[in-house]
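Residue numbers for the sequence shown follow UniProt numbering, so the first one is 1 and each next one is one higher.
Ideal placement from N, C-alpha and C gives every residue a C-beta, glycine not left out.
Here is the structure we will look at, set down as structure tokens.
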Amino acid sequence: QIGGIPLTMQPFFCLLAGLLLGRKLGALSMIVYALVGFVGAPVFASFSGGISVLFKGSAGFILSYIPAAYAAGWITDKVSEPRT
Numbered sequence: 001q002i003g004g005i006p007l008t009m010q011p012f013f014c015l016l017a018g019l020l021l022g023r024k025l026g027a028l029s030m031i032v033y034a035l036v037g038f039v040g041a042p043v044f045a046s047f048s049g050g051i052s053v054l055f056k057g058s059a060g061f062i063l064s065y066i067p068a069a070y071a072a073g074w075i076t077d078k079v080s081e082p083r084t
């Protein structure tokens, strides 16, 4: 832990989702992931879940996965576009 925030592989897989699925599906997969966790499934760090996670220090990280996956997918789209 760093300052009460657990270290996990979640950011890696968030970016991987954007890279492999593209910007729209990558962001959508992170929205589904966050919603599943906020509903109560223990998918977050330390097997936590539920709406109470929104009031902890890691809530910003979880919510930032959505634009991060979108950005990773967008970068992949730009790099793979044919140049004219």
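Three-state secondary structure (DSSP) of residue i
| i | result |
| --- | --- |
| SER46 | helix |
Sequence-distant residues of its chain with Cβ nearer than 8 Å to residue i (five each side left out)
| i | result |
| --- | --- |
| residue 111 | This structure gives no information on residue 111, because the portion of the chain shown stretches from 1 to 84. |
| GLY3 | GLY57 |
Spatial neighbours of residue i in its chain, beta-carbon cut-off 6 Å, leaving aside the 5 residues before and after
| i | result |
| --- | --- |
| GLN50 | The residue you asked about is not Gln; residue 50 is Gly in the sequence shown. Within the same chain, GLY50 has close Cβ partners GLY40. |
7 Å CB neighbourhood of residue i in its chain, flanking five on each side removed
| i | result |
| --- | --- |
| TYR70 | GLY18, ARG23, GLY26, ALA27 |
| CYS14 | MET30, TYR65, ALA68, ALA69 |
| ALA59 | VAL53 |
| LEU21 | SER29, GLY73 |
Residue i vs residue j beta-carbon contact at 7 Å
| i | j | result |
| --- | --- | --- |
| ALA45 | PRO6 | yes |
| VAL43 | VAL36 | yes |
Continuous alpha helix (DSSP H) stretch holding residue i: start and end
| i | result |
| --- | --- |
| LEU25 | 23–39 |
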